[in-house]
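First residue of the sequence shown? That's -10 in the working numbering, and the numbers climb one at a time after it. Worksheet: the structure to be examined is printed underneath.
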Amino acid sequence: MWPDLLRALALVLVIEGLMPFLAPERWREMMLRLSDVDGRSLRLFGGVLIGLGALLLQFIH
């Protein structure tokens, strides 16, 4: 189980690093825009992503 968890974490880090590596200026602009979004909207967006991720994991498994 631990090796799979570490692989998943490594994949998350690779995916998270793609945008700052490939398009740093656009990534910076996106982060600045996100700082203007209210907390409730960010929480909703995060919840939707968590739900989609959980469904995808269930579908794959």
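Where a beta carbon is used, it is the ideal one built from N, C-alpha and C, also for glycine.
*Could you tell me the distance, in whole angstroms, from the CA atom of residue 46 to the CA atom of residue -4?*
One C-alpha to the other measures close to 14 Å.
*Please report the residue range of the alpha helix (DSSP H) in which residue 19 lies.*
13 to 23 is the span of the alpha helix (DSSP H), which, as asked, contains residue 19.
*asked:* Quick check on DSSP: helix, strand or coil for residue 27?
replied: In the displayed model, residue 27 falls within coil according to three-state DSSP, outside both helix and strand.
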